[in-house]
Amino acid sequence: MLDDFLMRATLAGVGVALAAAPLGCLVVWRRMAFFGDATAHAAILGVALALLLSTSIFAGVLVVSLLMATIVSLLSGKGYAMDTLLGVMAHSSLALGLVAVSFVSGVRIDLMAYLFGDILAVGKTDLAVIWGGATLVMALMGWRWSRLLTATLNADLAYANGIDPKREQLILTLSLAIVVAVALKVVGVLLIAALLIIPAAAARSLSRTPESMVIVAAMTGVAAAVGGLQTAYWFDTPTGPTIVSLAAALFALAGVIANARCLLWRAMASRAGG
Numbered sequence: 259m260l261d262d263f264l265m266r267a268t269l270a271g272v273g274v275a276l277a278a279a280p281l282g283c284l285v286v287w288r289r290m291a292f293f294g295d296a297t298a299h300a301a302i303l304g305v306a307l308a309l310l311l312s313t314s315i316f317a318g319v320l321v322v323s324l325l326m327a328t329i330v331s332l333l334s335g336k337g338y339a340m341d342t343l344l345g346v347m348a349h350s351s352l353a354l355g356l357v358a359v360s361f362v363s364g365v366r367i368d369l370m371a372y373l374f375g376d377i378l379a380v381g382k383t384d385l386a387v388i389w390g391g392a393t394l395v396m397a398l399m400g401w402r403w404s405r406l407l408t409a410t411l412n413a414d415l416a417y418a419n420g421i422d423p424k425r426e427q428l429i430l431t432l433s434l435a436i437v438v439a440v441a442l443k444v445v446g447v448l449l450i451a452a453l454l455i456i457p458a459a460a461a462r463s464l465s466r467t468p469e470s471m472v473i474v475a476a477m478t479g480v481a482a483a484v485g486g487l488q489t490a491y492w493f494d495t496p497t498g499p500t501i502v503s504l505a506a507a508l509f510a511l512a513g514v515i516a517n518a519r520c521l522l523w524r525a526m527a528s529r530a531g532g
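So in the numbering used here, spot 263 of the sequence shown is number 521, and the numbers just go up one at a time.
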């Protein structure tokens with residue numbers, strides 16, 4: 259079954275979508291969209307360093323993503339606004355990565371594959387890495403979910419319950435770095451943040467509880483991955499951008515459904531009141 263490249267690509271997309279769902283919800287709740295984007299941009303520097311050092315690209319991306327997050331955390335609150343720091347780190351790391359790639363000799367590099375993904379080229383080893391990372395992230399989210407949720411809602415409430423918000427932030431950062439590393443092959447550096455944020459944003463308008471939002475986000479992400487893959491195959495379009503475009507369409511559909519439901523409730527309430 260895994261010898262079929264479309265099956266491997268589908269499993270890879272599903273794995274990334276499932277891992278990104280709970281993490282994306284936390285990113286949306288914490289208003290950390292730019293943080294996810296900055297971490298993703300840093301991934302290209304990890305790719306370049308991994309190629310220069312002849313080591314695992316997954317390890318290179320993971321280390322650089324964690325390093326960038328640590329630097330931002332250390333510098334925040336010391337005279338620099340968070341959005342300014344993230345902007346500097348994101349674009350600097352992307353530029354440095356592209357420059358570093360030019361020094362890699364003897365290796366044929368397809369930059370487009372790293373920037374926009376190459377899910378159709380996912381091999382069995384890539385699939386093992388993707389699902390291994392996705393399983394780790396989902397396990398971390400399941401283990402720390404209530405603590406992460408409390409720290410997200412209110413730092414003072416977290417302290418009152420014996421929860422250290424900074425520790426939960428570190429766990430979230432680690433999980434984000436892992437998702438960036440495993441999603442690189444699926445949607446590429448420039449679109450990873452979109453796969454994190456768009457399904458969660460779509461789920462927000464259709465959910466009443468945090469857990470239901472995670473479930474809807476996971477379903478949206480899986481639908482976008484599988485549907486986008488099939489659409490790209492049928493129409494011969496770039497796979498990563500097609501997946502994200504379908505996710506955006508589902509976000510728009512969710513908005514229409516939410517507005518229609520709101521109008522229906524208002525109509526029912528007015529009839530009941532009349």
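Every residue, glycine too, gets a C-beta built ideally from N, C-alpha and C. Values in this document were obtained by computation on a predicted structure and should not be read as measured data.
Are the beta-carbon atoms of T408 and W287 separated by less than 8 Å?
-> no
Can you tell me the Cβ-Cβ gap for P423 and G282, rounded? I've got them flagged as a contact below 8 Å.
-> About 20 Å separates the two Cβ atoms, so there is no contact after all.
Tell me whether the beta-carbon of I501 lies closer than 8 Å to the beta-carbon of V440.
-> no
The alpha helix (DSSP H) enclosing L415, as first and last residue numbers = A413 to A418
Backbone secondary structure at F263 - three-state DSSP | helix
Helix or strand or just coil, what does DSSP make of A423?
-> According to the sequence as given, residue 423 is Pro; it is not Ala. Note: P423 maps to helix in three-state DSSP.
List the whole-angstrom C-beta distance separating L344 from I302, where the pair is believed to meet the contact cut-off of C-beta under 8 Å.
-> About 16 Å; that fails the 8 Å criterion.
Determine, using beta-carbon pairs with one atom in the stretch 476-496 and one in the stretch 268-279, whether at least three such pairs fall under 8 Å.
-> yes
Which value, in whole angstroms, describes the spacing of the CA atoms of G390 and L333?
-> 32 Å
Measuring CA to CA, which of V359, A460, R524 and P496 is closest to D376?
-> P496
Between the Cα of M326 and those of S314, S351, V305 and D341, spot the shortest distance and give me the residue it belongs to.
-> S351
Ordered along the chain, which non-local residues of its own chain (more than five positions away) have a Cβ less than 7 Å from that of V395?
-> A277, L281, S433, I436 and V437
A306: first and last residue of the uninterrupted alpha helix (DSSP H) it sits in | A291 to L310
Do F361 and L310 have their C-beta atoms within less than 8 Å of each other?
-> yes
Cα-Cα separation, V305 to T489 = 28 Å
Is the CB-CB distance between A452 and G273 below 8 Å?
-> no
Does the Cβ of H349 have 16 or more other Cβ atoms within 10 Å, making it buried, or fewer, making it exposed?
-> exposed
From V322 to F293, what distance separates their C-alpha atoms?
-> 14 Å
Exposed unless 16 or more other CB atoms sit within 10 angstroms - verdict on S312 = exposed
Presumed contact (8 Å Cβ cut-off) between F509 and A459, rounded CB distance | 6 Å
Cut-off 8 Å between Cβ atoms - residues of its own chain near I421, not counting five sequence neighbours on either side | R405, T408 and A409
Three-state class that DSSP yields for L464 in the structure shown | coil
Spatial distance of L307 from L521 (CA atoms) = 53 Å
If you follow the alpha helix (DSSP H) that A339 is part of, which residue opens it and which one closes it?
-> Unbroken run through A339: none, as it is neither H nor E.
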